[in-house]
Structures are given as C-alpha cells and as structure tokens.
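Q:
In the numbering used here, the protein residues as written are 3 to 314.
Structure (structure tokens):
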C-alpha cells in the first residue's frame, strides 16, 4: 500500500489525498475520503482551506512517506483518533493514545449535563478571564479522568470551579497532565489525583463537592469480545471493562458519592442504556432524593443524574 506516485513523478496534494482515500476505501473504511483529508492535514500542517486552494500544487517529497505511514496504521484497524494523536472534545484539542479512551460524543453529552446541573444550582457559566487566576468558589471531581476530557471541559466552562481529576492509571494521568499543560488558563484550576475512585481525593473534600462526574468502565467481561474491533483491540481494557456485570464501578461510585457531596450536590454518571434502571435503583438505595436518566444524541439512555436534594 502506498500513496506515492507509481511512476515516481512529483505528486500534487490532491493526488496524494485521493490515493490515500483509495487505500482506506480498499481497507473497508466507510469514511475514507473524509479520513484521508484529516490525515493529509495532519501530515502537511495545512488546514482544509489551504489544501483546497493548493490542491494542484506539487507536495514536498517528504509528504508521501509520512502519509503512507498514517494510512497504513489506519488501514490496519487502528482508530483514527490514535493515528492522529489528538481529538476534539467540547472545543478542546486533546492528546489521545492507547493509554486512554477516545473521547466520544456520548461523553460530551455527560459534560453538558454536568454543566447544566451546576448552572441549575447557581454556578456561573462562561470562559475564564486572565484576572481571575485560580480563584474558585466550589469544587467538583471527575473520577476516572483518562485524557482529562471531562475535567478540562468543566474547567473551561465554569470559571469558579476547582476541579479534581483522578485516575488509578499513572499512564492515563500522564496524558491528562499533557493536556493540562496545553489547555491554558483553565488548567490552573485543575488538580490531578492518583487512586481508585474517591480514594484519590483528599479526605477534607468529604461533604464539600458540588458535583461528582464520571465516565467509568461499564462494559461486562463477557461483552468485551463483542465490541467493535477498533475498540476491543486498541482501547485500554481496564478503562472499558468494569467486571463480570459491568456495574461494579458504577455501584461503587453511586454508593460512596453521597458522603462526598455537599447537601445540594449532584452525581452525573455515564452508563450503558441497559444499565439505566439498575443505576437509578442503586442511587435511590444510596439515599439520593431525585434520580433521572438523560439521553444521548442518538436517543439512548446514557446519563444518570442523581441529586442529594429533591429540588428539580
């Protein structure tokens, strides 16, 4: 497989992109043309408009080998996000690799639900200003942060929030740390903690959190083999699989959350649609006064919202 010109003559940006799309299409990639453009943008450093304007200009000789390497990885089944090495989440350009889950639209819904819940109980939404620095008025926690996606989305949208981002994986925290470094002013209000769920948080935060948010592992061991190959063979097993039932992590977080939340505090948790009823029952048993399930962009039950107080 190669995107280089078979006759060895210089190739234009358009020709290289078209050959990349052909190679991806031959590998069964349904969105071959779009992905070829993204890979070309990554290799060239040019944006879509620049590549369109310069489509018939001859590309530098180094372009074809670089593009070949990315196309080969994608054609072999590696997720596009890992091939690119970064992905957009809630307007943030985040580094991603096989140490962390790929940020997904479902989790963007979790971020929006979490932000709206905080707005409901009085939080101010808006971009941070340079003068506010690290001043905060309340604290939230993102458990199992992975790439730091949820934590950074909250920090970017909630200028008064101090955010704790935790993970038991030191490898994942390394990616989160890199994303903090590249995220500018909001990152000064984010702190990282290593450990298993609430164990990673300082004890003085008990009863002080306004929000706990998490996208925990929620795949059952028996379901892992049934996942799409791009997910099953490339994304970290421990970030996907919770245990025999898939509910183990959800149960721990739901059970322990009330003692960490302030009286008006809220738990927002991503889950699989078939887990919604059980998760609501677990939350009610843990003492949450109000529970509901929000749907994702495909209309599937995806997000548990559990409030300590009954106000809605």
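Cβ atoms here follow ideal geometry from the backbone N, Cα and C, with glycine treated the same way.
What are the complete beta strand (DSSP E) segments, minimum 3 residues, inside the region 179-213?
A: Runs of the beta strand (DSSP E) inside the region 179-213: 192-196.
Q: What residue does the alpha helix (DSSP H) around residue 122 start on, and which one ends it?
A: Note, residue 122: alpha helix (DSSP H), 107-122.
Q: Please report the residue range of the beta strand (DSSP E) in which residue 296 lies.
A: It spans 292-297 - the beta strand (DSSP E) in which residue 296 sits, taken as one unbroken run.
Q: What residues are listed by DSSP as bridge partners for residue 216?
A: DSSP lists 145, 271 as partners of residue 216.
Q: To the nearest angstrom, how far is it from the Cα of residue 237 to the Cα of residue 211?
A: If I take the Cα positions, the gap works out to 30 Å.
Q: So what does DSSP say about residue 236, is it helix, strand or coil?
A: Residue state, collapsed to three classes: coil.
Q: Return the CA-CA distance between residue 266 and residue 141, expressed in angstroms with no decimal places.
A: Cα to Cα, residue 266 sits roughly 12 Å from residue 141.
Q: For residue 309, write down the residues that DSSP places opposite it in a beta bridge.
A: Answer by DSSP bridge pairing, in chain order: 268, 292.
Q: Judging by CA-CA distance, which residue of 218, 231, 158 is the nearest neighbour of residue 245?
A: When each option's Cα is compared against that of residue 245, the closest is 218.
Q: Label residue 42 either buried or exposed according to how many other C-beta atoms from any shown protein chain fall within 10 Å of its C-beta, with 16 as the threshold for buried.
A: By the neighbour-count rule (16 or more Cβ atoms within 10 Å), residue 42 is buried.
Q: Let me check understanding here. Comparing Cα to Cα, which of 200, 53, 292, 66 lies closest to residue 306?
A: Of the candidates 200, 53, 292, 66, the one whose C-alpha sits nearest the C-alpha of residue 306 is 292.
Q: Evaluate residue 113 with the Cβ neighbour count: other Cβ atoms within 10 Å of its Cβ, from every protein chain shown; 16 or more gives buried, anything less gives exposed.
A: Counting Cβ neighbours within 10 Å, residue 113 comes out buried, since at least 16 surround it.
Q: When DSSP builds the beta bridges, which residues end up paired with residue 169?
A: In DSSP, residue 169 forms a bridge with 196.
Q: With residue 152 as the anchor, note down where its alpha helix (DSSP H) starts and where it stops.
A: Element bounds for residue 152: 151-159.
Q: Identify, in the order they occur along the chain, each residue of the same chain with its Cβ nearer than 7 Å to the Cβ of residue 286, setting aside the five sequence neighbours on each side.
A: If we look at residue 286 and ignore the five residues flanking it on each side, its Cβ neighbours are 293.
Q: In whole angstroms, what is the alpha-carbon distance linking residue 153 and residue 119?
A: The alpha-carbon atoms of residue 153 and residue 119 are separated by roughly 15 Å.
Q: Nearest by alpha-carbon distance to residue 84: which of 168, 92, 123, 72 is it?
A: Ranking 168, 92, 123, 72 by Cα distance to residue 84 puts 72 first.
Q: Residue 304 by DSSP, collapsed to three states: which one?
A: Strand, per DSSP.
Q: Can you tell me whether residue 139 is helix, strand or coil according to DSSP?
A: Residue 139: coil per DSSP, three-state reduction.
Q: In the structure shown, what three-state DSSP assignment does residue 33 receive?
A: Three-state DSSP puts residue 33 in coil, outside helix and strand.
Q: Please say whether residue 148 and residue 169 have beta carbons closer to each other than 9 Å?
A: Cβ distance < 9 Å, so residue 169 and residue 148 count as in contact.
Q: Using a Cβ-Cβ cut-off of 6 Å (strictly less than) and excluding sequence neighbours within five positions of residue 258, which residues of its own chain qualify?
A: Only 200 meet the Cβ criterion.
Q: Could you name the residues of the same chain whose beta carbon sits closer than 7 Å to that of residue 225, not counting the 5 residues immediately before and after it, in chain order?
A: Only 248 meet the Cβ criterion.
Q: So for residue 245, helix, strand or coil by DSSP?
A: It is a strand residue.
Q: Express the C-alpha separation of residue 116 and residue 304 in angstroms, rounding to a whole number.
A: Residue 304 and residue 116: Cα-Cα distance of roughly 13 Å.
Q: Out of curiosity, what's the CA-to-CA distance linking residue 209 and residue 272?
A: The straight-line gap from Cα to Cα measures roughly 22 Å.
Q: For residue 95, which three-state DSSP category applies?
A: Looking at residue 95 - three-state DSSP - the assignment turns out to be strand.
Q: Would you say residue 101 and residue 174 are within 9 Å of each other, going by their C-beta atoms?
A: Yes, they are a contact pair.
Q: Assign residue 254 to one of three DSSP states: helix, strand, or coil.
A: Here residue 254 sits in helix by DSSP.
Q: Check this for me: beta carbons of residue 103 and residue 150, under 9 Å apart or not?
A: Cβ distance not < 9 Å, so residue 103 and residue 150 don't count as in contact.
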